[in-house]
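Chains as they are written, first to last, in the numbering used here: chain A, 1 to 423; chain B, 1001 to 1487; chain C, 2001 to 2556.
Beta carbons are placed, not taken as given, at the ideal position from N, Cα and C, and that holds for glycine.
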Amino acid sequence: MALEDYKADMERCSQCSYCKWIPLDHVKSWRFAKGCPSIGYSNFLSYSARGRYAVALSLINGQSTYTEKVKDIVYKCTTCGLCDVSDKICRYNLEPLEMIHELKFKLVEDGQLLPQNTAVIENLRSQDNMMMETKDGRGDWAEGLDVKRIADEKAEVLFFAGCRFSYDKELRETARTAVTLLKDAGVDIGVMGKDETCCGGRAYDMGYKAEFLKCAENTAGVWKAAGIKTIVTSCADCYHAFSRLYPPLGENFEVLHTVQYLDRLIKEGKIKFTRTLPLRVTYHDPCHLGRRGEPYVPWEGKEKKVKGQIVVYEPRKPRYNGAWGVYDPPRDVLRSIPGLELVEMERIREYAWCCGAGGGAREAFPKFSNWTANERIEEAESTGAEVLVSACGWCERNLADAIKNAGNGMKIYDVVDLVKQAI
Amino acid sequence: MTLEEALTGISGPENVLSDPATLESYSQDLSFAKPIKPHAVVKPKTADEVKAIVNWANPSATPLVPVSSGPPRFHGDTVPGVPGAVIVDLSGMKGIMRIDRRNRVAMIEAGVTYAQLQPELEREGMRLSMPLMPRANKSVVASLLEREPILIPRSQWASLEPLRCTSIIWGDGKQLTTGDAGMWPSMESAWQKKQAPASPTGPGQTDYYRFVSAAQGSLGIVTWASVKCEVFPEIHKLFFVPAGKPDDLIDFTYRILRFRYADELFILNNTSLAFILGDSPEKIKSLTQELPPWVALVGIAGRSLLPEERVAYQEKDISDIAQEFGLRLLPTVPGASNSAVMKAILNPSLEPYWKLGYRGGYQDILFITTLNRTPEFIETMSSLAEAGGYPSRDMGVYIQPLQQGSNCHCEFILPFEREDAAEAARMQLLYTAASDEMLKRGAFFSRPYGIWADMAYNRGAQTRTVLRKIKGIFDPNNVMNPGKLCF
Amino acid sequence: MTLSKEVYRLFEDIVGTDNITDDPAVLDSYRYPLSHTAIHMGPYYRVYTPRGAAVLLPGSTEEVQAIVRLCNKHRIRFKPSSTFWSAWGYPLEDDTIQLDMRRMDKILEIDDKNNYAVVEPHVIGATLQAEAMKVGLNTHMHGPGSSCSCLASATALGGLGPDTLYMGHHNENMLGTEWVMPDGEILRVGTAGSGLGWFCADGPGPSLKGLVRGMTGTNGSMGVFTKVALKLYPWPGPATLPAVGSPPAYKTELPDNIRVYTLGFPSWKAWADSCYLVWDSGIGYIAHRQFSMFGRDLKGAMVRILSDPSKTLSDIEELLEDLEVQKLNKDMERDYQIVLAGMTPRDIEWQDRVLDKILEETGGWKVAGMMEPDLYNWSLLYMIRLGHKNLNLVYGGGYDGCFGLGGTPDYGTSDEPPRVEQATAFKVEWEKKGNIVASGGDAMMGGIGGMGGGGMTIWENFTHFDPHNKESTEGTLEFFNAVSKFGVEKGWGPGMEKMNEYARWSDGKTTPKDVRDKIFLGSAQPEAFRYQRKIREVFNPNDLGDAYYRTLDDPE
């Protein structure tokens, strides 16, 4: 769809401001009621979904033009999707996240770029990763790992590391742990190593649709050629890309996040814990695994009206309201670890606060990204937890950096790390 | 044309008085306000007459002092502040214009008293929430406008409750009806459509009726008002919660307020209760010894549906709450018969007015605070009284939670012998010093009579500035009771 | 851009570079479409409020005062708003600077003994309620819901809500306010003005709360309110309101001392009788005709959709065929919702028995369909948190309210046929034209209260349309014009559909003076608006507000 195709939504936007807050039913305090990091940081209305509807309408109506401010508004969105969830609470027929993507695509198409993003994308084009690294280091994370290389041997399940886990030297161990846990539990698993290229998901969220399509075509092509049917990944961004962005392109694979697989294996008795971890932890729901991690439901249809002016769809349109994301498997995994106490933050599941890393925010707006992460750290601290756990490399990196900047004592782990410690 | 002739032309000769005795009676009250004789007294019978009087007064800026209640009066607000004033006495406007049981509103003229109104309401199955034992000749409208505290905090969503709509003749001579009554072409058309003057707000974006509240008649004259009534209880019980110190009753009272329980809910010290029950100074003195030092009075009424059940369960719950605070909910206390107290507090005062029974005169100090601060004010007042040579045991205290507990009326009643010049002089000194000290400690003189006006407005200078601007709008020629408040 | 660079810089010096902008796209996000919600005028297809000259985000009362003083110096209009929902909060004229009060969002104090909170402009109902509940208190939740500003409800707008019978009207609840007046002076009303805290709004002497607001507030046209103290109310429930379930069908599970019912009645007379009995007996925590906003014919289906995460509007037609849904519609035809909250087990038992007695006397019933656990728990959360108020717009994005029939319950329900049925029948005919949702004519929502202790009901007939669709929007305008005409012919007067026409016109700007004058001269008391003119002249001498503050400027 093009941006103009959302004109109806722009004009139908309720102006209610629900997009700025978590679902109001879930507000438990003044401190942790906000939902949208963008307007939380920048304050002008334009930085909310409702504001972006208005900005988009203004642009397509020719009432305003691209300015640095417009670019700031459009790009300073982590595409966390909270607005989309809050909007679905009452309004059944608005898709603000889709519109926000279209708005970013349009700016990119029209050459309204941010230098910071441009640098990352140029590197993506030449080096197949989002980490400003060279291609040839891609497989280093798996060095010495006793696991199949898909290029050489077939495996039933492919572990996809993703750019962050591949190149982030501090987080690499998490990827290695994930693979090892699955393999030791009897999963016939392999990795792509140096042949792995970016899933394209982050490029999509930054507004680079063409680059995403290239990545998708490339990655899916390699998988099909290798006969891969099932992918497991520890990166929520990749999980989202494979399970939500690839299927509309006709690329359908079975996609699991590591936490889902671990949950299954624990419940089947194939992973057993031998140690107690007396820790109080709180879990951060990655946006791309939670509310954006709902299964894709193909749909093609059109809008129609019933009872005069009720907007419905023919056939029935699936509504992504965040309900069906991956929330319980990581929690079940954590709860099954002996001695571990899981306490919840106020903003969780489909209404979790974003870590601040997504949508190009980390790359282009480090202060905003850091502020967003700090908000989350404070929320984690308010639970009394000593450990913040997540299931996404980008979340873990952004939150860890914020912890370091603040000189804070909180520890951050991936779910996988704690499972390893308890085995 | 003389002043008398002009007024006679409006209200008729029988309603214009300028004989010395009459003028003398309006020149002073039982406060320390400096006596100033009015020029004349006019007793209008209709709102049109009131309007005509005000319009007459404007060109010559003749001061008008509205009065609605009969004597004795106590706060100096009805004593002219300047010479040459005309008293506009509305006590003869006694029409009860309408009683509407279904909507629980009554429309009454300015001169209607509690003593007059309550029996009429009772006939229709209603009652008006009252202050504590007003004088029989106290105007209901005046009492409500002056924000005299009512006994039932749980029904007081707003400070002016139960006052609803009003009809005001402003100082500039124009008439305005406030509240939803001001939205209809006429009350008759409203009644026909089954509407009722129940909402006090507006018209428009101004709550005009608030400008005439606690205004001591300095902005306009209210000729009629509508009031929201309670359903007359089918069963009504009164309980006492005695205590040694006022502090002991505070948290208990807060809990009752928090639960929105009880009807009448207020605190008296033994002296105040003795004033109420005693029919002679000697009786008052002996009762003070008998009665518990402090008592919370808790009325529980059953109305409308399942009335007995309401009283029964609230009695149990409140008793449980009292126990929680180490107190007891009792049907009587030594010195106080339940029926006598109940009768007293639910009716206007008998003669003499209950605050006058002990020494023939009294000075009060009353202000708004929060309930939790009242013990501190009580202690301060007691110390000041003793230091000023006034026996604190003679001082009555009345604590009335307001607005469902958000704030609280705190009142000290200091009886003294007015005819004794020395005692009166000592009382005046004590009253001034104590008022000053209360102000310093955070008392809010929301009804700034006499010396409290300067005190209050010096503390709230911007309030004074804005009020003067309002005065300039509604009473540009300053005819309405000049010299009061900050005008 | 209408602000000179020099003046822009002066504003920038006050709020900081990050907190001011005149970027056109940003300014356009601060315009309100007049084909929309609760604007009570029009609707006008693709007409917007004027573009502001700049948007500022003040962070403190001092900054607000500095801004207002600067505006006075340079004769610049200013218009504050908190959550920017509905056209009231937007400029009427060009060259107006807009104040977005978002940064002033603190709950400054909650006094849990004397039961009040002091809040800044951008504190919304949900956050105040959440914090109040921690200490066993609750806040009156204004009608547009918990996403809206408590301060705005108290000082700028209506102030009523579903819980008003118990938790008052924000006019009543206001215990003080801090006001940067239109001339830049600061007034603190009541005890706050004497430096004594925030526990009483009235005095010394005449209550200046009367200047702050009347039946409605001043719609951001008379200075800027920067703090308000609001009375809080008892909350006998858990310290955190539990919300469970899958979105959007969140539900709550509360202890048995808090109960919700949908009540149905055999006739409008019975319905009205019940209101009086509820008020006379003093029961009820929240009482509102809430779900009727979906329409007489559709509400049964809608409550099913809203309480089931797998359902969407596309299920509506199928649900309407369901016999159970049809029964629900029938049972709820003359209905309202009531929440009872007991402070103790004895209290809730008594209240519930009184309710049963009321139903016995009026022939009413507790709607069985709404007692099913899912619907019960859904409606309980809905009524308490009021976090779904953009459901007003669920059908197609646009809604506005017409008729009104505000006053005693007898007013709306009397006449032959009852006025509410006349309004229903009139709307049904217009629904047939297809421009507004065919909801069954009666989509009337309104509180069983009107003020603390009750006394009033209102019948805002929700009219749902599609603001993206020209025929729908213009058809709705035509309908509203017809409603006004009908109301005048009937002697009811024009209804809520025209409430704001005195201020804003079809071009989005100030209504022409002759039209305004006619409206005010035709009112019951034009004098009220002449006085407001005098008030404006004294307190807003440079006239930097707008026509939302109603004034009649005629030679006397």
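>> Restricting to Cα atoms, I'd like to know which of A:Q421, A:K88, A:R397, A:A216 is closest to C:A2397.
In response: Taking the first residue of the third sequence as position 1, residue 2397 of chain C is located at position 397. Looking at the sequence provided, one finds Gly at residue 2397 of chain C rather than Ala. Ranking A:Q421, A:K88, A:R397, A:A216 by Cα distance to C:G2397 puts A:K88 first.
>> Using 8 Å as the cut-off, can you tell me whether the segment 2375 to 2382 of chain C makes contact with the segment 1157 to 1172 of chain B, which would need three or more C-beta pairs spanning the two stretches below that distance?
In response: no
> What are the start and end residues of the alpha helix (DSSP H) that includes C:E2178?
Replying inline: Translated into the one-based positions of the third sequence, residue 2178 of chain C becomes position 178. Element bounds for C:E2178: not the alpha helix (DSSP H) but the beta strand (DSSP E), 2174 to 2180.
>> Using a Cβ-Cβ cutoff of 9 Å, what residues of the segment 1402 to 1419 of chain B are near chain C? List them in chain order.
In response: L1402, Q1403, Q1404, G1405, S1406, N1407, C1408
> Does A:T441 get closer than 9 Å to chain C when you measure Cβ to Cβ?
Replying inline: This structure gives no information on residue 441 of chain A, because the portion of chain A shown stretches from 1 to 423.
>> Under 8 Å, CB to CB, which of the residues in the segment 2073 to 2091 of chain C have a partner in chain B?
In response: none
>> Going by DSSP, what residue range makes up the alpha helix (DSSP H) through C:S2081?
In response: Mapped onto the third sequence, residue 2081 of chain C falls at position 81. Unbroken run through C:S2081 is the beta strand (DSSP E), 2077 to 2081; no alpha helix (DSSP H).
> From A:P278 to A:E173, what does the alpha carbon distance come to, in whole angstroms?
Replying inline: Here residue 278 of chain A refers to the residue found at position 278 when the first sequence is read from its first residue. Here residue 173 of chain A refers to the residue found at position 173 when the first sequence is read from its first residue. Cα-Cα distance, rounded: 22 Å.
> For C:P2204, does the count of other Cβ atoms within 10 angstroms reach 16, so buried, or fall short, so exposed?
Replying inline: Mapped onto the third sequence, residue 2204 of chain C falls at position 204. Buried, by the Cβ-count rule.
> DSSP on C:W2271, reduced to helix/strand/coil?
Replying inline: Here residue 2271 of chain C refers to the residue found at position 271 of the third sequence. In the structure shown, C:W2271 sits in a helix (DSSP, three-state: H, G or I).
> For C:V2617, which residues from the same chain have a beta carbon less than 7 Å from its beta carbon, with the 5 sequence-adjacent residues on both sides left out?
Replying inline: Any answer about residue 2617 of chain C is impossible in this case: the structure gives chain C only from 2001 up to 2556.
> If A:I100 sits next to A:C77, beta carbons under 8 Å apart, how far is it from one beta carbon to the other, in whole angstroms?
Replying inline: Here residue 100 of chain A corresponds to residue number 100 of the first sequence, with the count starting at 1. Here residue 77 of chain A corresponds to residue number 77 of the first sequence, with the count starting at 1. Sure, about 6 Å apart at Cβ, within 8 Å.
>> Please return the same chain residues whose Cβ sits closer than 8 Å to the Cβ of C:G2452, not counting the five positions on each side in sequence.
In response: The residue labelled residue 2452 of chain C in the question sits at position 452 within the third sequence. Hits under 8 Å: T2164, L2165, Y2166, M2167, G2168, H2169, E2172.
> Start and end of the alpha helix (DSSP H) containing C:H2074?
Replying inline: Translated into positions along the third sequence, residue 2074 of chain C becomes position 74. 2061 to 2074 is the extent of the alpha helix (DSSP H) around C:H2074.
>> I'd like to check one pair, A:I271 with A:A185: are the Cβ atoms closer than 9 Å?
In response: Your numbering for residue 185 of chain A matches position 185 in the first sequence. Your numbering for residue 271 of chain A matches position 271 in the first sequence. Yes, they are a contact pair.
> B:D1172 and B:F1474 look like a contact to me (Cβ under 8 Å); what is the Cβ gap, rounded to whole Å?
Replying inline: Mapped onto the second sequence, residue 1172 of chain B falls at position 172. Mapped onto the second sequence, residue 1474 of chain B falls at position 474. Indeed they touch by this definition, with Cβ atoms about 6 Å apart.
>> So, with DSSP's three-state summary, where would you put A:G430?
In response: No statement about residue 430 of chain A is possible, as the shown extent of chain A runs from 1 to 423 and does not include it.
> Which stretch, first to last residue, makes up the beta strand (DSSP E) that contains A:H101?
Replying inline: Counting from 1 along the first sequence, the entry for residue 101 of chain A is found at position 101. Taken as a continuous stretch (DSSP letters only), A:H101 belongs to no beta strand (DSSP E), being part of the alpha helix (DSSP H) at 96 to 109.
> Looking at the unbroken alpha helix (DSSP H) that takes in C:Y2166, where does it start and where does it end?
Replying inline: As a first step, residue 2166 of chain C is located in the third sequence; it is residue number 166 there, counting from the start. It spans 2164 to 2167 - the alpha helix (DSSP H) in which C:Y2166 sits, taken as one unbroken run.
> Is any beta-carbon of chain C found at less than 9 Å from that of A:L45?
Replying inline: Within the first sequence, numbered from 1, the residue matching residue 45 of chain A stands at position 45. Yes - at least one Cβ of chain C is within 9 Å of the one on A:L45.
>> In this structure, how does DSSP classify C:L2211 when only helix, strand and coil are distinguished?
In response: As a position in the third sequence, residue 2211 of chain C is number 211, starting the count at 1. Three-state result, C:L2211: helix.
>> Does A:M345 come out as helix, strand or coil in the three-state DSSP assignment?
In response: The residue given as residue 345 of chain A occupies position 345 in the first sequence. Coil, per DSSP.
>> For B:A1336 and B:P1375, what's the separation of their Cα atoms in angstroms?
In response: Working through the second sequence from its first residue, we reach residue 1336 of chain B at position 336. Working through the second sequence from its first residue, we reach residue 1375 of chain B at position 375. Approximately 23 Å between the Cα atoms of the pair.
> Do the segment 256 to 266 of chain A and the segment 393 to 411 of chain A touch if we need at least three Cβ pairs shorter than 8 Å?
Replying inline: no
> Should B:I1221 and B:V1079 be called a contact, given that it needs their Cβ atoms to be closer than 9 Å?
Replying inline: For the purposes of this step, residue 1221 of chain B is taken as the residue at position 221 of the second sequence. For the purposes of this step, residue 1079 of chain B is taken as the residue at position 79 of the second sequence. Contact: no.
> What is the DSSP secondary structure of A:F242, counted as helix, strand or coil?
Replying inline: As a working mapping, residue 242 of chain A is identified with position 242 in the first sequence. Note: A:F242 maps to helix in three-state DSSP.
> Which bits of chain C does A:T67 rub up against, with CB to CB less than 8 Å?
Replying inline: Counting from one through the first sequence, the residue named residue 67 of chain A turns up at place 67. Residues of chain C passing the Cβ test: D2023, P2024, A2025.
> Whose C-alpha, out of B:S1272, B:A1301, B:E1309, B:R1303, is nearest the C-alpha of B:P1293?
Replying inline: Counting from one through the second sequence, the residue named residue 1293 of chain B turns up at place 293. Per the Cα distances, B:S1272.
> B:R1147 versus chain C: which residues are under 7 Å apart at the beta carbon?
Replying inline: Residue numbering aside, residue 1147 of chain B sits at position 147 when the second sequence is read from its first letter. The answer, in chain order, is D2202.
> What does C:T2551 reach in chain A if we use C-beta pairs closer than 7 Å?
Replying inline: In the third sequence, counting from the first residue as 1, residue 2551 of chain C sits at position 551. Under the 7 Å cutoff, chain A gives no residues; its nearest Cβ is about 28 Å from C:T2551.
>> Checking 9 Å against the spacing of the C-beta atoms, do B:T1380 and B:C1408 come in under that value?
In response: Taking the second sequence and counting its residues from 1, one reaches residue 1380 of chain B at position 380. Taking the second sequence and counting its residues from 1, one reaches residue 1408 of chain B at position 408. No, they are not a contact pair.
> Should A:L245 and A:V281 be called a contact, given that it needs their Cβ atoms to be closer than 9 Å?
Replying inline: Position 245 of the first sequence, counted from the first residue, corresponds to residue 245 of chain A. Position 281 of the first sequence, counted from the first residue, corresponds to residue 281 of chain A. Result no, Cβ atoms of A:L245 and A:V281 do not sit closer than 9 Å.
> Alpha carbon to alpha carbon, what distance is there between B:A1262 and B:K1245?
Replying inline: Here residue 1245 of chain B is taken as the residue at index 245 of the second sequence, counted from 1. Here residue 1262 of chain B is taken as the residue at index 262 of the second sequence, counted from 1. About 22 Å.
> Which residues in chain C sit within 7 Å of A:D25, going by Cβ to Cβ distance?
Replying inline: Counted from its first residue, the first sequence places residue 25 of chain A at position 25. Chain C residues near A:D25: A2243, Y2250, L2381, R2385, G2387.
>> Against chain C, does B:A1453 count as a neighbour if the rule is that its beta carbon must be under 9 Å from one of theirs?
In response: To locate residue 1453 of chain B, count along the second sequence from 1; it is residue 453. Chain C, which has a Cβ nearer than 9 Å to the Cβ of B:A1453, makes this yes.
>> From the DSSP secondary-structure annotation, give me the bridge partner or partners of C:T2096.
In response: In the third sequence, the residue the question calls residue 2096 of chain C occupies position 96. According to DSSP, which records beta bridges pairwise, C:T2096 is partnered with C:R2077.
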